[in-house]
Amino acid sequence: MSKKNIINLRCISVRHVICVAALILVFGTQPRPARADCVECQPPDCILSILTVLGNHSAGESLMAGHMSNRFGQYRDWLIETFFTDNVLRAMMMMTEQLSAVGMYQMFAVGALMDAKIQLDTQRLFQELQVQAIKDYQPSDTFCYFGTNIRSLSASQNKGIYNKMALNKASMNRLMGESSQGSAGGNDARARWNYFVANNCQVFNNNWAPANPTISGLQPACATSKSSARANADVQYGRFVDYPRTIDVDFTDGVSTDDEHDIIALSRNIYGHKAPSNSTPFLTRKSVQEFFYDQRAVAAKRNVAQNSFNTIVGLKSSGTSSGPAPGANNTTEYMAAILHNLGLTDPLEIEELIGENPSYLAQLEILAKRVYQDQSFYANLYDKPENVGRTSVAMRAIDLMVEREMYESRLRKEMLISVLLSAKLEKTYDEVESVFESITATNR
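Residue 34 in numbering that gives the first Met the number 0 is what sits at position 35 of the sequence shown, and the numbering runs on without skipping anything.
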């Protein structure tokens with residue numbers, strides 16, 4: 000603060016003291032009766048007084064205006080320079096700086112708290128997701144039943160289709176008289192008889208009599224009965240085809256088996272017992288050509304019927320324990336374990352039921368039927384919802400496979416019915432055709 004301002008402040012203080020003292024003297028004096036003396040004023044004096052008063056009033060106004068202007072200027076200078084600039088402004092600047100520093104420190108603390116909260120929430124979320132993943136992605140044993148035993152299913156199905164096509168080709172070669180077949184030279188019956196005597200003959204058939212064992216029954220044809228496992232295999236469909244879940248038929252390995260020969264012999268007794276003549280002469284004649292086409296039409300109808308038999312054999316033909324998936328070579332052992340849980344403890348019984356190399360039908364039966372006969376399957380459903388959902392999806396997939404096989408079976412049935420209907424209408428068609436021919440001949 001300047002020296003001038005200090006002097007002005009002191010003067011103002013002295014004036015305030017004088018004013019207060021004057022007020023005390025005025026209000027502290029006892030009132031007295033007023034007394035007035037009238038003096039007669041002369042006209043010149045009155046005029047002079049008026050002029051003096053007017054002059055003093057103007058001078059007083061000027062002095063008062065100047066004094067007030069000076070005082071307002073001083074007050075403005077003091078308010079702006081002394082009070083605001085020198086004191087308030089600096090204090091506000093320091094206060095603002097302090098508040099900014101404190102605010103930034105507080106924001107740092109708040110940011111640290113927020114960062115800690117986010118970090119803790121993230122760690123908790125990771126831990127929850129980790130626990131949930133451990134819970135959700137831990138498959139149950141029930142689900143593994145399907146995943147393990149389905150590994151060789153596709154390979155076994157493809158092998159079954161190949162075996163079916165091989166049987167179809169063998170039957171058509173016989174009906175068409177291929178050079179490698181006995182029917183080519185009209186020796187089909189002789190070849191089948193020789194096979195029967197060598198492999199399927201049972202001497203106790205054909206009214207065998209104990210009193211005359213050497214001349215009764217089939218003793219004249221075959222000296223001794225053949226193995227009971229192959230006896231009458233060429234005629235017993237229920238025993239050798241319908242009952243077993245796996246038939247030792249595999250045309251992919253290049254090794255012939257007894258079951259393969261017996262199945263072919265059985266099919267020849269069921270379909271096309273009498274092979275057509277395959278030495279038709281005079282094929283250039285129209286009448287012979289018509290007979291030849293009739294013969295081929297019969298062969299085609301037989302092939303449609305035999306296709307169902309060949310399909311069943313293909314479904315039950317030897318499958319494979321291996322597959323494209325790693326570790327699929329032990330599929331048979333895992334399927335045997337399922338049957339073991341059902342009470343089949345003897346390995347020979349298990350092998351008799353599903354075979355050494357389970358067929359496609361045997362594998363599908365285990366997945367679609369045998370698994371659900373184990374009571375532990377239902378107990379294991381008390382599991383995590385995710386595992387139950389996975390098991391449901393696997394069951395639905397197996398169900399779709401079964402439905403697909405049923406659909407293909409219906410297609411074969413539809414084809415058989417259509418061929419049967421066509422054969423039934425053939426006689427009626429011939430009658431109608433002969434009537435039309437007679438009418439045409441009459442009108443000529």
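Using N, Cα and C, we set each Cβ at its ideal position, and we do this for glycine too.
Computed from a prediction, not measured in an experiment: that's the story for all the values here.
N-terminal and C-terminal residue of the alpha helix (DSSP H) that residue i is part of
i	result
Y428	P384 to T441
E96	R89 to D135
H339	T330 to N340
A378	Q374 to A378
S364	In the sequence as presented, Ser is not what sits at residue 364; that position holds Glu. Looking at the DSSP string, the run of the alpha helix (DSSP H) that includes E364 is Y359 to A367.
D261	D257 to I269
D252	Segment: none, D252 is in no alpha helix (DSSP H) and carries neither H nor E.
E348	P346 to I353
D140	D140 to N148
Cross-strand partners of residue i (DSSP beta bridge)
i	result
S316	I246
Cβ distance (whole Å) where residue i is taken to contact residue j below 8 Å
i	j	result
S316	G159	5 Å
N356	T390	At roughly 27 Å, the Cβ-Cβ gap does not stay under 8 Å, so N356 and T390 are not in contact.
P280	Q294	So it is not a contact: roughly 14 Å between Cβ atoms.
Y144	I337	7 Å
V297	L265	Not quite, the Cβ-Cβ distance comes to about 20 Å (not below 8 Å), so this is no contact.
R244	S358	6 Å
R301	L420	That belief does not hold up - the Cβ atoms of R301 and L420 are roughly 16 Å apart, past 8 Å.
G181	A190	3 Å
L217	N204	5 Å
N379	T141	4 Å
I246	V240	7 Å
V202	S226	Contact doesn't hold; Cβ gap of about 13 Å is too wide.
A165	F290	With 8 Å as the limit, A165 and F290 do not qualify as a contact, their Cβ atoms being about 30 Å apart.
key: Residue ranges of each alpha helix (DSSP H) within the segment 170-217, 4 or longer   = 187-194
request  = Give a yes or no on contact between the segment 356-374 and the segment 396-414, applying the rule of three or more CB pairs nearer than 8 Å.
outcome  = yes
request  = Mind the definition here: the segment 299-312 touches the segment 342-350 only if three or more C-beta pairs lie below 8 Å; say whether that holds.
outcome  = no
ask   = Is it a yes or a no for the segment 189-204 touching the segment 258-268, going by three-plus beta-carbon pairs under 8 Å?
value = yes
ask   = Between the segment 409-423 and the segment 147-162, are three or more C-beta pairs nearer than 8 Å?
value = no
query = So does the segment 370-383 actually touch the segment 138-152, counting three or more Cβ pairs closer than 8 Å?
reply = Because the criterion of three Cβ pairs below 8 Å is met, the segment 370-383 and the segment 138-152 touch.
query = Is there contact here, the segment 124-143 with the segment 375-385, by at least three beta-carbon pairs under 8 Å?
reply = Touching, yes.
ask   = Is it true that the segment 414-424 meets the segment 299-307, where meeting means three or more beta-carbon pairs spaced less than 8 Å apart?
value = Look at the beta carbons and you see the segment 414-424 touching the segment 299-307: at least three pairs across the two are nearer than 8 Å.
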